[in-house]
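Visitor: Okay, handing you the structure first.
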Amino acid sequence: MGLPVYTEEHQVASVTRWRRNDRSVALLIPCHLALGSISLICVARIYPAYHVIFSNEMLPAAAATVAAFAILAVLFVRARFNFGYFAGYYLFVIIAGYLWLNNFSEFGYNHRLSGLSAATSAVVFLVAALSRPNLPRLLTLSPQAFERLLGCIVLIGIAAAAIGAYYNFRLVSLGDIYTYRETLIGPTLVNYLVGTTTTTLLPFAFACYAVRGSLWRACLILILLMLFYPVTLSKQAFFAPAWLVLMVVITRLVNLRLTVILSLLVPTAAGVILLGLCQYGLLPERFAMSAFQLVNFRMVAIPSLAMDYYNEFFFTHVVTHFCQISYLKPIMPCAYQEPIAVVIYNWFGIGGYMNASLFATEGIASVGPLLAPISAFVCGVIIALANGMSAGISQRIVLVSGALLPQTLLNVPFTTVMLTHGSVLLFLLWYVMPRDSSEQPD
90 MGLPVYTEEH QVASVTRWRR NDRSVALLIP CHLALGSISL ICVARIYPAY
140 HVIFSNEMLP AAAATVAAFA ILAVLFVRAR FNFGYFAGYY LFVIIAGYLW
190 LNNFSEFGYN HRLSGLSAAT SAVVFLVAAL SRPNLPRLLT LSPQAFERLL
240 GCIVLIGIAA AAIGAYYNFR LVSLGDIYTY RETLIGPTLV NYLVGTTTTT
290 LLPFAFACYA VRGSLWRACL ILILLMLFYP VTLSKQAFFA PAWLVLMVVI
340 TRLVNLRLTV ILSLLVPTAA GVILLGLCQY GLLPERFAMS AFQLVNFRMV
390 AIPSLAMDYY NEFFFTHVVT HFCQISYLKP IMPCAYQEPI AVVIYNWFGI
440 GGYMNASLFA TEGIASVGPL LAPISAFVCG VIIALANGMS AGISQRIVLV
490 SGALLPQTLL NVPFTTVMLT HGSVLLFLLW YVMPRDSSEQ PD
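Put into structure tokens, the structure is as follows:
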């Protein structure tokens, strides 16, 4: 007789908690977009050489554009957590940043067309990526087989670190990585192995061990990940262990949807606050500017700015028709022999190699602004399939194991993330891992 009462009370509490989380999401997203706009104003003041412009005359139009785009926040308020929620929110913020910059851009391309294309691309991508289709379950590993699989992943990680170190191993500071990164050499297969291991395999093993309480094994994974920084000389490899630990901790304190939003909102806010303290002489400039450059400029502003650059370049140059994809380049004619990121850098002469997100590469560069929404929708469908493949497993494991991918999607073409960085392999691991019958939607 007591069971139905308990179940009813549990359901009421769950609904109440869900509605409270909805309100938190609805409040945080507009605050995040407003903060992102303030951050871009600061970027324009500090880095004008990068063609980042701000003027008081265009401020009302820019604010109105971002406010209108913020209506899409309702999608995140109503959706449950899945991997598409994580990836989609990061890309949503980047599009909002581009729409802000588009109002001030000094370039001569069709800004109205490109702005509408970007907004439409965001809509169709999110509509697809936030869904979770029901997929047939063809293979599910037993718990014993899955444990053996995790052990194999650890061995692969050890082998990848050793092989990578054989070709490249250099201990340098973060400030010097760009000086030495061009000297890195290694076979293509080794580069693929290192990329897949560091971005997907080891984070997946870490998530499984950490969430299930196997802390010493999780610590072993973190040590392995640390070994890849001297091999790759990348900031992602340097910060990956700390980022994964942070995701594990935050997901114990707040729900998964709030974790996604806060994971981007808090670093952005910290950068703006530190910059403000520096302006008032309360913090050393070296410390404040390093943090602002890393997060607010490189991580957040550059992906939005890349869309401005790509629109300008491909407004007067032929699109690639996807010939930049390494697997397609040998079998189809291509107007560009160098990687597109190198082409863009050589044209503008500033900004570094802007690989950019799927909206810039598979969208603007490949098919142009008119057809870019179609490309974005296809990418969203692929993310939706990943959501379906992860149905039934701990969504906390999904978030932690995929924690490096949203950042990668901001700066790397979609096809590269799927293949070179091994996202497809991660989706397959989600698909075959044992299901958790007690898992509750976030």
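This note's numbering puts the last residue of the sequence shown at 531; the count rises by one with no breaks. For glycine and all other residues, C-beta sits at the position ideal for the given N, C-alpha and C. Only a predicted model underlies this, so the values are computations on that prediction, with no experimental measurement involved.
(1) Near L282, what residues of its chain come up, given a Cβ to Cβ distance below 6 Å and the 5 sequence neighbours on each side ignored?
(2) I need the boundaries of the alpha helix (DSSP H) containing D397, first residue and last residue.
(3) Are the stretch 244-258 and the stretch 318-338 touching, with three or more C-beta to C-beta distances below 8 Å?
(4) Just to confirm before moving on: does the CB-CB distance between A380 and R221 stay below 8 Å?
(5) Would you tell me roughly how many angstroms separate the C-alpha atoms of I118 and A138, rounded to the nearest one?
(6) How big is the Cα-Cα spacing for M507 and V513?
(7) Given a cut-off of 8 Å on the beta-carbon distance, is the pair Y399 and A449 in contact?
(8) Secondary structure at I245, three-state DSSP: helix, strand or coil?
(9) Are the CB atoms of L188 and V155 within a distance shorter than 8 Å?
(10) Just the C-alpha distance for L238 and T288, rounded to the nearest angstrom, thanks.
(11) So L460 is in the alpha helix (DSSP H); what residue range does that whole segment cover?
(12) Taking 8 Å as the cut-off, decide whether the C-beta atoms of L161 and A211 are in contact.
(13) Quick check: what's the CA-CA separation for A152 versus G360?
(14) With a threshold of 16 other CB atoms inside 10 Å of the CB of G264, please say whether the residue is buried or exposed.
(15) Do the stretch 402-413 and the stretch 422-431 make contact, defined as three or more Cβ pairs closer than 8 Å?
(16) From I142 to D397, what does the alpha carbon distance come to, in whole angstroms?
(17) Using only alpha-carbon positions, find the residue among N191, V470 and T272 that is nearest to A176.
(18) Do L291 and G240 have their C-beta atoms within less than 8 Å of each other?
(19) Which complete alpha helix (DSSP H) runs does the stretch 250-305 hold, if anything under 4 residues is left out?
(20) Do three or more CB pairs link the stretch 265-278 to the stretch 491-499 at distances below 8 Å?
Guide: The answer reads as follows:
(1) Close CB contacts of L282 within its chain, under the 6 Å cut and outside five residues either way in sequence, are with A249 (chain order).
(2) Here the alpha helix (DSSP H) through D397 covers I391 to F404.
(3) yes
(4) Contact check for A380 against R221 fails: the beta carbons are separated by 8 Å or more.
(5) 30 Å
(6) Answer to the nearest angstrom: the Cα atoms are 5 Å apart.
(7) yes
(8) Three-state DSSP puts I245 in a helix.
(9) yes
(10) 17 Å
(11) Neither: L460 is in no alpha helix (DSSP H) and is coded neither H nor E.
(12) yes
(13) 21 Å
(14) exposed
(15) yes
(16) 11 Å
(17) By alpha-carbon distance to A176, the top candidate from N191, V470 and T272 is V470.
(18) No. Outside cutoff.
(19) DSSP runs (the alpha helix (DSSP H)) wholly in the stretch 250-305: 266-270, 277-285 and 291-300.
(20) Segments in contact, no.
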